[in-house]
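Trainee: Sharing a structure here in structure tokens format.
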Amino acid sequence: MRLIDKLINQIDNKYLPPQGTDLVVAVSGGVDSVALVHLLLRLANQYDWDLTVAHFDHQLRKTSQRDAEFVQKLAKNLGLDYVSAKTNVSVLAKRERLTIEEAARKARYDFLQQVARRRRALIVTGHTADDQLETVVMNWLRGGGVRALAGMRDLDNNIWRPLLSITKTQIKEFVRQYQLTYREDETNQQTKFKRNLIRHKVMPTLRLVNPSLEQVLLRNAKVMASLADFVGQETARLYKKMAKSQKDAIWLDLKKLNQLPEFLRNEVILFTIRQLQGHQQDIKKIHLDEVQKIINSAEGKVWKQLPGKLFVSNRYGKIGFSRYRPKFLNR
Numbered sequence: 000m001r002l003i004d005k006l007i008n009q010i011d012n013k014y015l016p017p018q019g020t021d022l023v024v025a026v027s028g029g030v031d032s033v034a035l036v037h038l039l040l041r042l043a044n045q046y047d048w049d050l051t052v053a054h055f056d057h058q059l060r061k062t063s064q065r066d067a068e069f070v071q072k073l074a075k076n077l078g079l080d081y082v083s084a085k086t087n088v089s090v091l092a093k094r095e096r097l098t099i100e101e102a103a104r105k106a107r108y109d110f111l112q113q114v115a116r117r118r119r120a121l122i123v124t125g126h127t128a129d130d131q132l133e134t135v136v137m138n139w140l141r142g143g144g145v146r147a148l149a150g151m152r153d154l155d156n157n158i159w160r161p162l163l164s165i166t167k168t169q170i171k172e173f174v175r176q177y178q179l180t181y182r183e184d185e186t187n188q189q190t191k192f193k194r195n196l197i198r199h200k201v202m203p204t205l206r207l208v209n210p211s212l213e214q215v216l217l218r219n220a221k222v223m224a225s226l227a228d229f230v231g232q233e234t235a236r237l238y239k240k241m242a243k244s245q246k247d248a249i250w251l252d253l254k255k256l257n258q259l260p261e262f263l264r265n266e267v268i269l270f271t272i273r274q275l276q277g278h279q280q281d282i283k284k285i286h287l288d289e290v291q292k293i294i295n296s297a298e299g300k301v302w303k304q305l306p307g308k309l310f311v312s313n314r315y316g317k318i319g320f321s322r323y324r325p326k327f328l329n330r
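The sequence shown: position 48 = 47 (numbering that gives the first Met the number 0), numbered continuously.
Now the structure itself:
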């Protein structure tokens, strides 16, 4: 079997979008995203998908404009629509008090979501099995919970990751066989970035401890994914029992919330945050601890601002999560 057919079979065996779906394909110009768009184009004819190439320039390198030009030319040669945007991520990171990596991800996904909403489309990214391993290790090192240790999902809300079962080695062999050109990002070698440090230093060391590291981590991630699904169903059930929604705000019954074990209490809080802003990307354990302090505080004008410009306050026997400052702060 040809490599391209083998890779397409691996994608086919996972989730596939319905026929006629519009897809916004995130293309950086690197090897993974270039392989992704070529593989999707092969499937698009079969499933009548409409592909749009989306490129985001983080303006972190002097050569980033060349990446944008490369991707634009690639889209044109393939006969695909092309959309792009750019943001000075360094400035954004300082303004939002984020790391460069966090700011880059936020800006990139804000752009992709905007394009997807406009086109009523599914976002497609080129994350591979190697990226999955790095993500699991990163989440483990930062003390992530069940959902974090499950790693990335093939389908997560409106984001599809069809290459998660495909290794970087397979991708590079595919690109070599079909003589596809791509851009090299020199910052991928810089270990000052956390993911690069994991990739170039931590993973090789862990492989010395256990040569079967990949199989072990991916197997554990699948177990955690099943557990996360169960926890998610239970969390949604509990949320419905204690939550009341208003415009841009959600209130949880404190008495019912406090009856839960800490683990489930945190899951309900994270679920509430996801209901408000669609994700929980910037919320860490330290923020959950801050929310717990507000839960334990005496009822009154107690509030805290969380990442993502979310506000949490304790009033009238309820804990409220809002996109706006509590009204009592404006008095």
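Where is the CB? At the ideal position from N, CA and C, for every residue including glycine.
Over what stretch of residues does the beta strand (DSSP E) that includes residue 12 continue unbroken?
Mentor: Counting along the chain, residue 12 falls outside any beta strand (DSSP E), and DSSP gives it neither H nor E.
Trainee: Between which two residues does the alpha helix (DSSP H) containing residue 294 stretch?
Mentor: That run of the alpha helix (DSSP H) goes 284-295.
Trainee: Less than 8 Å separating the beta-carbons of residue 333 and residue 51?
Mentor: An answer regarding residue 333 cannot be provided, because it is not within the stretch 0 to 330 covered by the chain.
Trainee: For residue 192, tell me which candidate among 120, 59, 285, 180 has the shortest Cα-Cα distance.
Mentor: Here the closest residue by C-alpha is 59.
Trainee: Where are the beta strand (DSSP E) runs, 3 residues long or more, that stay fully inside the segment 192-245, in chain order?
Mentor: You should have 242-245.
Trainee: Which ranges does the alpha helix (DSSP H) cover as unbroken runs of at least 4 residues, wholly within the segment 61-98, from first to last along the chain?
Mentor: Runs found: 63-77, 88-95.
Trainee: Starting from residue 138, follow the alpha helix (DSSP H) in both directions and report where the run begins and ends.
Mentor: 128-140 is the span of the alpha helix (DSSP H), which, as asked, contains residue 138.
Trainee: Would you mind sorting residue 155 into buried or exposed? The rule is 16 or more other CB atoms within 10 Å of its CB.
Mentor: Label assigned to residue 155: exposed.
Trainee: Cβ-heavy atom distance between residue 319 and the ligand MG below 7 Å?
Mentor: The ligand MG is not among the ligands present in this structure, which contains no ligands whatsoever.
Trainee: Compare the beta carbon distance of residue 222 and residue 136 with 8 Å and say whether it is the shorter of the two.
Mentor: No, they are not a contact pair.
Trainee: Going straight from the alpha carbon of residue 29 to that of residue 54, what length do you get?
Mentor: Whole-angstrom Cα-Cα distance: 11 Å.
Trainee: Quick check on this structure: which residue in 166, 83, 98, 256 has the alpha carbon closest to the alpha carbon of residue 109?
Mentor: Among 166, 83, 98, 256, the Cα nearest to that of residue 109 belongs to 83.
Trainee: Can you list the alpha helix (DSSP H) stretches of 4 or more residues lying completely in the segment 143-188, in chain order?
Mentor: Counting only runs of 4 or more, we get 145-148, 167-176.
Trainee: What span of residues does the alpha helix (DSSP H) with residue 247 cover, start to end?
Mentor: Here residue 247 belongs to no alpha helix (DSSP H), and DSSP marks it neither H nor E.
Trainee: For my contact list, residue 179 and residue 33 are in at a C-beta cut-off of 8 Å; report their separation, rounded to the angstrom.
Mentor: Going by Cβ atoms, the distance from residue 179 to residue 33 rounds to 6 Å, so yes, they are a contact pair.
Trainee: At a cut of 8 Å, does the segment 246-255 reach the segment 280-292 through at least three beta carbon pairs?
Mentor: No, the segment 246-255 does not touch the segment 280-292.
Trainee: Contact between the segment 146-155 and the segment 214-229 is defined here as three or more beta-carbon pairs at a separation below 8 Å; is this criterion met?
Mentor: A contact exists between the segment 146-155 and the segment 214-229.
Trainee: I'd like to check one pair, residue 15 with residue 46: are the Cβ atoms closer than 8 Å?
Mentor: A contact, by the Cβ cut-off of 8 Å.
Trainee: CA-CA distance, residue 220 and residue 148?
Mentor: Each residue's alpha carbon lies about 6 Å from the other.
Trainee: Alpha carbon to alpha carbon, what distance is there between residue 306 and residue 269?
Mentor: One C-alpha to the other measures close to 12 Å.
Trainee: With distances taken from CA atoms, which of 99, 308, 266 is nearest residue 247?
Mentor: Residue 308 is the option with its Cα nearest to residue 247.
Trainee: Mind checking residue 277: buried by the 16 CB within 10 Å criterion, or exposed?
Mentor: With fewer than 16 Cβ atoms within 10 Å of its Cβ, residue 277 is classed as exposed.
Trainee: Rounded to the nearest angstrom, what separates residue 316 and residue 232 at their Cα positions?
Mentor: Distance between the alpha carbons of residue 316 and residue 232 is about 26 Å.
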